[in-house]
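Novice: Here my numbering is used: the first residue of the sequence shown is 5, the next is one more, and so on. Using N, Cα and C, we set each Cβ at its ideal position, and we do this for glycine too. Here it is, the structure in full.
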Amino acid sequence: MEQFKIAILSGKGGTGKTFIAVNLASVITNGCYIDCDVEEPNGNLFFKSNDDEEQIVTVDIPIIHRELCNNCRICSDFCQYNALFFLMDRILVIENLCHSCGGCQLLCPQHAIQYTKKTIGSIKKGTTNSGRIMTGILHPTYPTGIPILKELFSQVNQNTTILDCPPGTGCSVIECVKYSDFCLLVAEDSLFGLHNLKMTYELVKLFHKPHAILINKFISESFIESFCTKENIPIIDRIPFNWKIASLLSQGKILVHEDIQYAKVFQKYLNKIEEIYHEETSHS
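This is the structure we're talking about:
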């Protein structure tokens, strides 16, 4: 399947999303793992990539030329993000609110607006035995990682890509869902986990993405199972509490590299995902 993109989602942190994403990526031949949690990437704790290179990511920020500006306020009235506003006798720019849409420059009748580049983060790229590894890193001073995500996605050329998404349902998660072909929702088997899963599930439904749920930290009386039965959501598997897995994770080790049986398990997960994808898309 050409450029099949699987988003690994969770409604909250600590569900095991990165654990699932890293191990899925490790059983793919010549695939790509993208750490989309640009505010707190941690996939690099498991992948020891070779030949790392870093790419700076910038955005366009407006500069007002005072000698040309006549304070007509067309630009500030247009800006929906309040990045431009009139104060005292001049137009001011709040860089962290700017979405670099270019509208202010297009509308300025005095041609008083130009753009400059502002660094907001970087992308680290490398390779492992499993394939390509890409990590987005957002500078703490910038409020959104979407420009970094768009740059990451523009560089994907592998057949299968695993997107290790941020937790929650914010703008960065929405960008990942939009880009993906299939959404795998990793759910922690608790009432709190169920509450957050429901929000993520509504987001996936909104974009009509083929999806399934993988229950992590499974217990005998599952809150998640009842929800899946009610909503008719396919369950890929139920992973119980396991001290061996926890110990390997704490050492920064990848489970499928340490245990051949788990490599077979995660390969079955990939096969099941593809099966569900074909089944759902054939009916649409």
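Using a Cβ-Cβ cut-off of 6 angstroms (strictly less than) and excluding sequence neighbours within five positions of LYS221, which residues of its own chain qualify?
Specialist: Counting from one through the sequence shown, the residue named residue 221 turns up at place 217. Contacts found: GLU192, ASP193, PHE245.
Novice: Could you tell me whether the Cβ atoms of ILE239 and CYS232 are closer together than 8 angstroms?
Specialist: Along the sequence shown, read from residue 1 onward, the residue named residue 239 stands at position 235. Along the sequence shown, read from residue 1 onward, the residue named residue 232 stands at position 228. A contact, by the Cβ cut-off of 8 angstroms.
Novice: Below 8 angstroms, how does it come out for the region 146-156 and the region 22-34: are there three or more Cβ pairs, yes or no?
Specialist: No, they do not touch.
Novice: Quick one: what's got a C-beta closer than 6 angstroms to ALA25's C-beta in the same chain, skipping five residues either side?
Specialist: Taking the sequence shown and counting its residues from 1, one reaches residue 25 at position 21. Excluding residues within five positions, the ones whose Cβ falls inside 6 angstroms are ILE12, ILE166, ASP168.
Novice: So, for MET5: in the same chain, excluding its five sequence neighbours on each side, which residues have a beta-carbon less than 6 angstroms away from its beta-carbon?
Specialist: The residue you call residue 5 lines up with position 1 of the sequence shown. Any reading at MET5 must be qualified, since the residue scores a pLDDT of 49, below 50, and its modelled position is unreliable; the value itself is stated next. Here the set comprises nothing.
Novice: If you draw a straight line from the alpha carbon of LEU142 to that of ILE280, how long is it in whole angstroms?
Specialist: By 1-based counting over the sequence shown, the position of residue 142 is 138. By 1-based counting over the sequence shown, the position of residue 280 is 276. Computed Cα separation, rounded: 34 angstroms.
Novice: What three-state label does DSSP hand CYS36 in the structure shown?
Specialist: The sequence position of residue 36 within the sequence shown is 32, counting from 1. Strand at CYS36.
Novice: In the DSSP assignment, what are the bridge partners of SER126?
Specialist: Walking along the sequence shown from the start, residue 126 turns up at place 122. DSSP lists ILE60, ILE141 as partners of SER126.
Novice: Would you give the residue range spanned by the alpha helix (DSSP H) that VAL177 belongs to?
Specialist: As a working note, residue 177 is residue 173 in the sequence shown. 175-183 is the extent of the alpha helix (DSSP H) around VAL177.
Novice: So, with DSSP's three-state summary, where would you put LEU72?
Specialist: Counting from 1 along the sequence shown, the entry for residue 72 is found at position 68. LEU72: coil per DSSP, three-state reduction.
Novice: I'd like to confirm the pairing. Which residues does DSSP put opposite PRO66 in its beta bridges?
Specialist: For the purposes of this step, residue 66 is identified with residue 62 of the sequence shown, where counting begins at 1. In DSSP, PRO66 forms a bridge with TYR119.
Novice: Identify, in the order they occur along the chain, each residue of the same chain with its Cβ nearer than 6 angstroms to the Cβ of SER14, setting aside the five sequence neighbours on each side.
Specialist: Along the sequence shown, read from residue 1 onward, the residue named residue 14 stands at position 10. If we look at SER14 and ignore the five residues flanking it on each side, its Cβ neighbours are LYS21, PRO171, VAL190.
Novice: Are GLY130 and ASP56 closer than 8 angstroms when you measure CB to CB?
Specialist: To locate residue 130, count along the sequence shown from 1; it is residue 126. To locate residue 56, count along the sequence shown from 1; it is residue 52. Cβ distance < 8 angstroms, so GLY130 and ASP56 count as in contact.
Novice: Checking the sheet assignment: what are the DSSP bridge partners for GLU192?
Specialist: Translated into the one-based positions of the sequence shown, residue 192 becomes position 188. Looking at the DSSP assignment, GLU192 forms a beta bridge with ASN220.
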